[in-house]
């Protein structure tokens, strides 16, 4: 068996910031080539900490205490900053949550799209421009030539997100990390963006980590998913198994808390206090030091 | 409907045109093009549509926060369009609003106690601090917040707690009508379920009429009796939730419903095109 595209093993992290103590607890997950892997959980579950650890951009005050992250078998945590930058810059791309803050407001879209191609692929200005136009076409952007000359504020939220998807796939990366890319969008635009990410990912055989808090989005785009609570993996399964035959009480409670237009009679059920208490006890029992901490 | 609380007819709202660099004012930009809407006493209606459809503008017109260019809005029989501020003030207590982002709608420099008790004193509902305090404590208990939070400031609370304070502030005045504009969109599903459950209970206990603005149709289906679907400033469809969700008459409504991802694996969903998009 060849090494998976990305493997995160036994990753643990502690924070000395607002929430003190463990924020990742022995998290393992792997992403195969061509697979979309969902990282799911509510706020504070540790989703973005995992992403930041992979990208090497953990904020000050958050420290990894154990574990490994490997991209095609290369240990990312052992690389020096320069080596890591080379691996990540050329092989990993991020689709961020908020396209407006991710784009430089003072530069035209064309310039921002072509930067990476010139830097990492050594394309000439003209070749990079042609490639950028082709990419904007791939993300079904209307009037790509006009968009190339536009500034970010001239585009709608959905169009900006398309630009960032184009930028993410520009270098044909092996791994794309999509961090809540549709949270700020209307449902109709969200559906178009999900469809786009899935089709580009299938065309290129890209591995994708898809971070979301929305179980509906997980159901429609992810092949497998890891559900986190308080930095701990609660359940990790193929999407259909996770949603249709959840084993963990927390998974079942989270599914029951989702309002569904197709099940109007069903009362909204907040996650019961005893389920939360059981999860906390489970986590504490696995990590006695942490329990005595607080 | 026998007992109508709010009756809006032909509401037109236009925002003033922006000034260009040369100082010329662009023509007004119409946002609502003649909207009719009614809300019965104790009834909850949903207002849905995409960003820019005019949902928030319609909500603000309903509680007199902005003045329509045309049309009438009757609140308990009185037209509030064009009402002078002094005449409007006693109505304001009866129509309250819960905002999308409690962090920006709660005064960061006031304690939760002051946020909840000041309106009671301002509207002379409580005669003195002591009776205001009693009502504040009762409402805190009702929305499930510990009394210890009364001395805290908004930034010291979690998102879910802040939204409970927003709800408490709205209902402490015993209004007839509450406008809730995207109040759960920033919350986790588990917190969202708690807030919606609380809102449903309060609605029944206080016989509140509510307008619930949301882009999330699943949430609207869970809490509303009737729904208005807005597209580009017009109501394209309205009706009882069970009817609209079961058999949407307008293609735009159908597209909105089809775009909701359900937590059920559906291999064809992603590639299935909605019939037409509005």
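Chains as they are written, first to last, in this note's numbering: chain A, 5 to 298; chain B, 2 to 279.
Here a beta-carbon is modelled for each residue, glycine too, at the ideal position from N, C-alpha and C.
>> Between residue 183/A and residue 55/A, how many whole angstroms is the CB-CB distance? I'm expecting something under 8 Å.
In response: With 8 Å as the limit, residue 183/A and residue 55/A qualify as a contact, their Cβ atoms being about 6 Å apart.
>> For residue 281/B, report the span of its alpha helix (DSSP H) as first-last.
In response: Given that chain B is displayed from residue 2 to residue 279, the structure contains no residue 281/B and the question cannot be resolved.
>> Residues of chain B with CB closer than 8 Å to the CB of residue 199/A, please, in chain order.
In response: 271 and 272, listed in chain order.
> According to the neighbour-count rule (16 or more other Cβ atoms, all chains shown, within 10 Å of its Cβ), is residue 276/B buried or exposed?
Replying inline: Low confidence applies to residue 276/B: its pLDDT is 47, below 50, so where it sits in the model is not reliable, and the reading given next is rough at best. Taking every protein chain shown into account, the CB of residue 276/B has fewer than 16 other CB atoms within 10 angstroms, so this residue is exposed.
>> Quick check on residue 268/B: buried or exposed, where buried means 16 or more other Cβ atoms within 10 Å of its Cβ?
In response: Taking all protein chains in view, the Cβ of residue 268/B is surrounded by fewer than 16 other Cβ atoms within 10 Å, so the residue is classified as exposed.
>> With a threshold of 7 Å between beta-carbons, can residue 18/A be considered close to chain B, or not?
In response: Among the CB atoms of chain B, none fall inside 7 Å of the CB of residue 18/A.
> What is the residue span of the beta strand (DSSP E) that residue 104/B lies within?
Replying inline: Segment 103-106 is the alpha helix (DSSP H) holding residue 104/B; no beta strand (DSSP E) there.
> Out of curiosity, what's the CA-to-CA distance linking residue 47/B and residue 38/B?
Replying inline: Roughly 11 Å separates the two Cα atoms.
>> Given a cut-off of 7 Å on the beta-carbon distance, is the pair residue 31/B and residue 18/B in contact?
In response: Cβ distance not < 7 Å, so residue 31/B and residue 18/B don't count as in contact.
> In chain A, what lies closer than 7 Å to residue 157/B by C-beta?
Replying inline: The CB of residue 157/B never comes closer than 7 Å to any CB in chain A; the least such distance is about 11 Å.
> Does any residue of chain B bring its CB to less than 7 Å from the CB of residue 239/A?
Replying inline: Not one chain B Cβ lies under 7 Å of residue 239/A.
> Okay, do the region 205-215 of chain A and the region 24-32 of chain A touch, 3+ Cβ pairs below 8 Å being the bar?
Replying inline: No, the region 205-215 of chain A does not touch the region 24-32 of chain A.
> Can you tell me whether residue 163/B is buried or exposed, with buried defined as 16 or more other CB within 10 angstroms of its CB?
Replying inline: Answer is buried; the Cβ neighbour count reaches 16.
>> Tell me which residues share the same chain as residue 99/A and place their Cβ nearer than 8 Å to its Cβ, disregarding the 5 neighbours each side in the sequence.
In response: Here residue 99/A has 165, 168, 169, 172, 180, 181, 182, 183, 185 and 201 as same chain residues with Cβ atoms under 8 Å from its own Cβ, once five neighbours each way along the sequence are excluded.
> If you measure from the beta carbon of residue 198/B to each beta carbon in chain A, is any gap under 7 Å?
Replying inline: Output row for residue 198/B: interface = yes.
>> Can you list, in chain order, the residues of its chain with a C-beta nearer than 8 Å to that of residue 100/B? Leave out the 5 residues immediately preceding and following it.
In response: If we look at residue 100/B and ignore the five residues flanking it on each side, its Cβ neighbours are 106, 167, 182 and 184.
>> Taking a contact to mean a Cβ-Cβ separation below 7 Å, would you say residue 282/A touches residue 273/A in this structure?
In response: No Cβ-Cβ contact shorter than 7 Å links residue 282/A with residue 273/A.
> For residue 62/A, which residues of its own chain have a beta-carbon under 6 Å away from its beta-carbon, when the five flanking residues on both sides are left out?
Replying inline: 56, listed in sequence order.
> Can you tell me whether DSSP reads residue 274/B as helix, strand or coil?
Replying inline: Three-state result, residue 274/B: coil.
> Listed in chain order, which residues of the region 54-68 of chain A have Cβ atoms closer than 8 Å to some Cβ of chain B?
Replying inline: If the cut-off is 8 Å between Cβ atoms, the region 54-68 of chain A has nothing near chain B.
> Alpha carbon to alpha carbon, how far is residue 109/B from residue 102/B?
Replying inline: The straight-line gap from Cα to Cα measures roughly 13 Å.
> Is it right to say residue 147/B is buried, meaning 16 or more other beta carbons lie within 10 angstroms of its own, or is it exposed?
Replying inline: Here residue 147/B is exposed, its C-beta having fewer than 16 other C-beta atoms within 10 Å.
>> Any heavy atom of the ligand ATP inside 6 Å of the beta-carbon of residue 164/A?
In response: Absent from the structure shown: the ligand ATP. Ligands present: none.
> DSSP on residue 8/B, reduced to helix/strand/coil?
Replying inline: Here DSSP, grouped into helix, strand and coil, assigns residue 8/B to strand.
>> So residue 92/A contacts chain E; which residues on that side make the cut at Cβ distance below 8 Å?
In response: This model lacks chain E altogether, as its protein chains are A and B.
>> Relative to the C-alpha of residue 40/B, which candidate in 272/B, 226/B, 252/B and 175/B has its C-alpha closest?
In response: Of 272/B, 226/B, 252/B and 175/B, the residue nearest in Cα terms is 226/B.
> What residues of chain A sit near residue 264/B, judged by a beta carbon separation below 8 Å?
Replying inline: The contacting residues are 219, 220, 222, 223, 247, 259, 262 and 264.
> Roughly how many whole angstroms lie between the Cα atoms of residue 218/A and residue 44/A?
Replying inline: One alpha carbon belongs to residue 218/A, the other to residue 44/A, and they sit about 7 Å apart.
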